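So the protein lines, in turn, are chains A, B and C. Take the first sequence: its letters are residues 274 to 534, numbered as in the numbering used here. Take the second sequence: its letters are residues 29 to 282, numbered as in the numbering used here. Take the third sequence: its letters are residues 36 to 358, numbered as in the numbering used here.
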Amino acid sequence: MTDRGFSLRVVVALARRAMLGSLRRPQFLAPLVLFPSMFLAVNTGGLGRTTGLPGFPKVDGFLDFQLAGAMTQSLLLGGVATGIATALEIEGGFFDRLVASPISRSAIVLGRLAATGATAVLQVTYFLVLGFLFGATVKGGIPGVLVVYLIGTVAAVGFGAIGQALALRAQSAASVQGIFPLVLVVLFVSSAFFPRDLLSSPSDVIATYNPLSYIAEGMRTPIIEGVGATSVLEGLAAAVVVVVAAGGVALLALRGRLREA
Amino acid sequence: MIQSVTVVRALVRRALNEILRVPGAAIPGVLAPTIFMLGLSSVFGKASSLPGFTADDFRTFIVPVGLLQGAGFTGAATGVNLARDIEQGWFDRLLLCPAPRVTLLSGVVASAALRALLPGIFLLAVAFSLGVAVPTLVALVIVTVLVMGLACAMACFSVTLALKFRTQQAAPLMQIAGFIGVLFTASYAPKPLLADWLRAVATVNPVTYILDGVRQGFVGGVTWADTWPALLSTVGLIGVLGTLAARGLRRYGV
Amino acid sequence: MAAIEVSGLERAYKGGLKAVDGIDLEVQAGEVYGFLGPNGAGKTTTVRMLVTLLRPTGGRATVAGHDVATEPQHVRRRIGVALQEAALDPLMTGRELMELQATLHGIAPREVSDRAEDLIGRVGLSDAQGRRVGTYSGGMRRRLDLAMALIHDPEVLFLDEPTTGLDPTSRTTLWNEVRRLKDNGTTVFLTTQYLEEADQLADRVGIISAGKIVAEGTPAALKAEVGLPHLDLTFDGDVDLARAREVLAPFGEVRADAPGGADLSLGVREGSSAIARVVRALDDEDMCVGRVELVEPSLDDVFAARTGSHLEGADVPVATAPA
């Protein structure tokens, strides 16, 4: 087997292991969809009438608008979960077993990120189905759904890389868990839940520079308008930037940890 | 009686010690309600211009929600800490002491009531500094009583879960209950502006009346009509959830 | 070429603390090398450097012919590692972990299942292989850990305190497995704090204390350095000890102090075969021996002679020097 073939096989094996671990720990998996579902319900039920505010985009319902925000929140929490899983692996010693194996260093990171991406597909599916059940529609049809999956999955991998980088630096699950409030802060200063023009100052300004805004809008536009080149490209670009930047940081963090060891 | 008070005081002191000696563990719980308050008001601030909205600004409307969330988080944290004590064997040591079990429960729950004041005070300090009007003293007293009361009720609930599952892995269950309890009320908007389904849920949710009780003074004035349902709901929740917790404790280890 | 060659190996931390302070050792292929020392001596740090989990800050080491610092991937392909904590994933089954380990070590897909089955059977976990590791006992985890370390037939096997916390039966099982590996030609580097384990399994022993190797050799040779086996004698009734010393003098050296409440202690080169003659000689003088105990020097005595402390309870200073 070639080196590349071996590396691929290793990444798949580690991804499979990470997925099994997640599915066998439902108490970690459930919050990824339960918390965002709750917020989705309360936001929609409590503030549905805000669609009538001047400047609010034309939508069939507040649920259609909110779906992308809920997905973004869920995918971000998935990133935190990836970080926690990595930290637990380090604390438990299994990480050392991987490092002592004759596999490439990047496979250690990529394996878990592949699992994060696969989980993201499930998360996006959950919210799309939930939306459909409660009357949401995707104006962009099948292409629109595919765009949502694409941007969501790429963004999720980026968020997972952030989680891994944190875990490799902090090496403790409790520390990674402690960033949960920060995740909320970053989400609140974006246009994930409300139109950018209707945010209060200074969130409206910060949202313009927040990649989460473009990721959420990239997933939202196919739902409420249809597949528009600008927002899709911006959303995808923002997701790719997060992946590249965070992935690089994660690999550097891994290298740093191995060098310090 | 004096012995019971001494035990309760000792347990409360232990719980408060944890905050002093491991402040990093308490910080997320103290910060989270304020982050929610600031975040929600920065995102949904324009909602206050909806016809029928009872407050001049969304932040003032949402401050009471943050106070109750602090109570909810604290109550959940009490259960998580008990689950940790069970896992580490410390709880068995407590059960071996001669104090009645209801005293042990009272100590744990009383600590939650006091700890709930921390996120509340921090949130109010931030809110007042951002221009939210300071309520009257009477209103603040009512707020304090209701926040402490809800924290007790949530602590009873999460203690019940901790005694049943005996593992910190039940933490998300404890936290979600608090979230649902506080958010599925007239949290974001007055009841008439809610969607039908949420209005129906809010009507039967006892925390809605507690929220109304906390919100008076921030939005409108203090009235007995808003106060007695809040107090009754608090007492009722403590009664029901406290009974469950006491039963769970009696059955523990049997 | 030696399976493991270490020269001046060092690991220093910030602040100047040296966990490993310039050690030299060589382990021949097919040898079982026991690395013995108290807690905190530097055993695990040494192992972690040799298995490429920790970067040496000084010196050099080669394992299976490859430098641990410059050729770590080559080293990893040739070693098996079972660390101090059985690093297992509690959510996976034993079988799943074995197959994952096989994949990580490049075993061909068509061989993975058979190899996993074989090794699981060898360590006696066939019945438990479908259960999650989180339900395994400590002994079962250790056995699985060992099986995972062997899945790819490593040239060199590192076992870091493999029997710590195990019951006697599990410990014996593991010892038998180590003996079997040795018979098959696997080099085993075994760290332990148990004297008996090093005595039973190791061809040669290195004793480390405070980051330095203080003694190295076969267990027999090391023990012979610190003195002879001795007979501790306790008499029935009143006995003229001065006369007893004269009677015993032809058999060996009578020690200055008799430990453990005995009346006299006699160093005997022949060991247990001297007991009958000694007792008979004393009996001929009407000196009745109530109790006789043969005490062999231990590796703890070796450690005590070199460092002034004991291995078990390393902070207890030596009370009397052996004769």
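Note that beta-carbon positions come from the ideal geometry of N, C-alpha and C, so glycine has one too. Quick caveat: nothing in here was measured; it's all calculated off a predicted structure.
*Identify the residues that DSSP records as bridge partners of Phe193/C: which are they?*
On the third sequence, residue 193/C is found 158 positions in, with the first residue counted as 1. DSSP lists Val116/C and Phe224/C as partners of Phe193/C.
*Can the beta-carbon of Arg442/A be found closer than 9 Å to that of Ala526/A?*
The count along the first sequence starts at 1 and reaches residue 442/A at position 169. The count along the first sequence starts at 1 and reaches residue 526/A at position 253. A contact, by the Cβ cut-off of 9 Å.
*Sort out for me which residues DSSP pairs Ala96/C with in a bridge.*
Looking up residue 96/C in the third sequence gives position 61. Val41/C.
*When burial is assigned at 16 or more other CB atoms within 10 Å of the CB, is Arg87/B buried or exposed?*
For the purposes of this step, residue 87/B is taken as the residue at position 59 of the second sequence. Buried.
*asked:* Please tell me whether Ile357/A has its Cβ less than 9 Å away from any Cβ of chain C.
replied: Reading the first sequence from its first residue, position 84 is the one you call residue 357/A. False, the Cβ-Cβ gap to chain C never drops below 9 Å.
_Whole-angstrom C-beta distance between Gly98/B and Leu151/B, which should lie under 8 Å_ = Position 123 of the second sequence, counted from the start, is the residue given in the question as residue 151/B. Position 70 of the second sequence, counted from the start, is the residue given in the question as residue 98/B. Yes, Leu151/B and Gly98/B are in contact; Cβ-Cβ is about 6 Å, under 8 Å.
*Could you please tell me which residues of the region 284 to 303 of chain A, in chain order, have their CB closer than 7 Å to any CB of chain C?*
Ala286, Arg290, Leu293, Gly294, Arg297 and Arg298
*Just mark Cys184/B as buried or exposed, buried being the case when its beta carbon has 16 or more other beta carbons within 10 Å.*
By 1-based counting over the second sequence, the position of residue 184/B is 156. The residue in question, Cys184/B, is buried, as its Cβ has 16 or more Cβ neighbours within 10 Å.
*Whole-angstrom distance between Leu126/C and Pro299/A, CA atom to CA atom*: Translated into the one-based positions of the first sequence, residue 299/A becomes position 26. Translated into the one-based positions of the third sequence, residue 126/C becomes position 91. Approximately 12 Å, taken between the alpha carbons.
*Given a cut-off of 9 Å, decide if Ile58/C and Ile242/C are closer than it, judged by their beta-carbon atoms.*
On the third sequence, residue 242/C is found 207 positions in, with the first residue counted as 1. On the third sequence, residue 58/C is found 23 positions in, with the first residue counted as 1. No, these two residues do not count as a Cβ contact at 9 Å.
*In terms of alpha-carbon separation, which member of Arg239/C, Leu185/C, Asp318/C and Leu329/C lies closest to Arg157/C?*
As a position in the third sequence, residue 157/C is number 122, starting the count at 1. Of the listed residues, the one whose Cα sits closest to Arg157/C is Leu185/C.
*Quick one: Cα of Val284/A to Cα of Gly384/A, how far?*
On the first sequence, residue 284/A is found 11 positions in, with the first residue counted as 1. On the first sequence, residue 384/A is found 111 positions in, with the first residue counted as 1. Rounded to the nearest angstrom, the two C-alpha atoms are 4 Å apart.
*What are the residues that DSSP puts in a beta bridge with Phe70/C?*
For the purposes of this step, residue 70/C is taken as the residue at position 35 of the third sequence. Its beta-bridge partners are Thr226/C and Gly241/C.
*Would you kindly work out how many angstroms separate the C-alpha atoms of Thr195/B and Thr106/B, rounded to a whole number?*
As a first step, residue 195/B is located in the second sequence; it is residue number 167 there, counting from the start. As a first step, residue 106/B is located in the second sequence; it is residue number 78 there, counting from the start. Looking at the two C-alpha atoms, the distance is approximately 13 Å.
*At least one CB of chain A closer than 9 Å to the CB of Val200/C: is that the case?*
Locating residue 200/C in the third sequence gives position 165, where the first residue counts as 1. According to the sequence displayed, residue 200/C carries Gly and not Val. No, its Cβ sits nowhere closer than 9 Å to a Cβ of chain A.
*How many Å lie between Met36/C and Phe338/C at the Cα?*
Taking the third sequence and counting its residues from 1, the one referred to as residue 36/C is at position 1. Taking the third sequence and counting its residues from 1, the one referred to as residue 338/C is at position 303. Roughly 30 Å between the two C-alpha positions.
*CB Pro416/A to CB Pro495/A, shorter than 9 Å?*
The count along the first sequence starts at 1 and reaches residue 416/A at position 143. The count along the first sequence starts at 1 and reaches residue 495/A at position 222. Yes, the pair counts as a contact, with Cβ atoms nearer than the cut-off.
_Between the CA atoms of Phe467/A and Leu173/B - distance to the nearest angstrom_ = Position 145 of the second sequence, counted from the first residue, corresponds to residue 173/B. Position 194 of the first sequence, counted from the first residue, corresponds to residue 467/A. A small correction: the amino acid at residue 173/B is Val; Leu does not occupy that position in the sequence shown. Using only the alpha carbons, I get a separation of about 35 Å.
*Within this structure, are the beta carbons of Leu395/A and Ala523/A separated by less than 9 Å?*
Numbered from its first residue, the first sequence carries residue 395/A at position 122. Numbered from its first residue, the first sequence carries residue 523/A at position 250. It is not a contact, given that the beta carbons lie outside the stated cut-off.
*What did DSSP end up calling Leu472/A once you bin it into helix, strand or coil?*
Along the first sequence, read from residue 1 onward, the residue named residue 472/A stands at position 199. In this structure, Leu472/A counts as coil in the three-state DSSP scheme.
*Would you please verify whether the beta carbon of Leu263/C is less than 9 Å from any beta carbon of chain A?*
Counting from one through the third sequence, the residue named residue 263/C turns up at place 228. No, Leu263/C lies away from the interface with chain A (no Cβ there is under 9 Å from its Cβ).
*Going along chain B in order, which residues have a C-beta closer than 7 Å to the C-beta of Met344/A?*
Locating residue 344/A in the first sequence gives position 71, where the first residue counts as 1. Ordered by position in chain B, no residue passes the 7 Å Cβ test against Met344/A, which lies about 16 Å from the chain.
*Can Arg150/C and Ala137/C be called in contact, C-beta distance under 9 Å?*
Taking the third sequence and counting its residues from 1, the one referred to as residue 150/C is at position 115. Taking the third sequence and counting its residues from 1, the one referred to as residue 137/C is at position 102. Against a cut-off of 9 Å, the Cβ pair of Ala137/C and Arg150/C comes out as a contact.
*asked:* Could you check whether the region 304 to 315 of chain A touches the region 341 to 350 of chain A, counting it as contact only if at least three pairs of C-beta atoms, one from each stretch, sit closer than 8 Å?
replied: yes
_Coarse secondary structure for Phe246/B, derived from DSSP in three states_ = The count along the second sequence starts at 1 and reaches residue 246/B at position 218. Note: Phe246/B maps to coil in three-state DSSP.
*Whole angstroms is fine: what's the gap from Ala161/B's alpha carbon to Pro61/B's?*
Numbered from 1 along the second sequence, position 133 holds the residue referred to as residue 161/B. Numbered from 1 along the second sequence, position 33 holds the residue referred to as residue 61/B. Straight-line Cα distance between these residues: approximately 18 Å.
*What residues are listed by DSSP as bridge partners for His101/C?*
As a first step, residue 101/C must be located in the third sequence, where it is residue number 66. His101/C pairs with Val98/C.
*asked:* Which residues of the region 370 to 389 of chain A have a Cβ closer than 8 Å to any Cβ of chain C? Give them in chain order.
replied: Arg370, Leu371, Val372, Ala373, Ser374, Pro375 and Ile376
*Which residues, taken in chain order from the region 189 to 219 of chain B, show a beta carbon closer than 7 Å to some beta carbon of chain A?*
Gln197, Pro200, Ile204, Phe207, Ile208, Leu211, Phe212, Ser215, Tyr216 and Ala217
_I'd like to confirm something about Val162/B: is its beta-carbon nearer than 8 Å to some heavy atom of the ligand GTP, or not?_
Because no ligand of any kind appears in the structure shown, any question about the ligand GTP cannot be addressed here.
*Give the straight-line distance between the Cα atoms of Val249/C and Val240/C, rounded to the nearest whole angstrom.*
Reading the third sequence from its first residue, position 214 is the one you call residue 249/C. Reading the third sequence from its first residue, position 205 is the one you call residue 240/C. Each residue's Cα considered, the two are about 11 Å apart.
*State yes or no: is the beta carbon of Arg530/A nearer than 9 Å to at least one beta carbon in chain B?*
Your numbering for residue 530/A matches position 257 in the first sequence. So, not an interface residue.
*Out of curiosity, what's the CA-to-CA distance linking Val169/B and Val130/B?*
Position 141 of the second sequence, counted from the start, is the residue given in the question as residue 169/B. Position 102 of the second sequence, counted from the start, is the residue given in the question as residue 130/B. Cα to Cα, Val169/B sits roughly 27 Å from Val130/B.
*Cβ of Gly245/B within 9 Å of any chain A Cβ*: Within the second sequence, the letter at position 217 stands for residue 245/B. Judged by the 9 Å Cβ criterion, Gly245/B is not in contact with chain A.
*Below 7 Å CB to CB, which residues in the same chain sit around Leu361/A once its five sequence neighbours on both sides are set aside?*
In the first sequence, the residue the question calls residue 361/A occupies position 88. Around Leu361/A: Ala446.
*Report, in whole angstroms, the separation of the C-beta atoms of Phe207/B and Gly100/B, which I expect to be a contact under 8 Å.*
Translated into positions along the second sequence, residue 207/B becomes position 179. Translated into positions along the second sequence, residue 100/B becomes position 72. Indeed they touch by this definition, with Cβ atoms about 7 Å apart.
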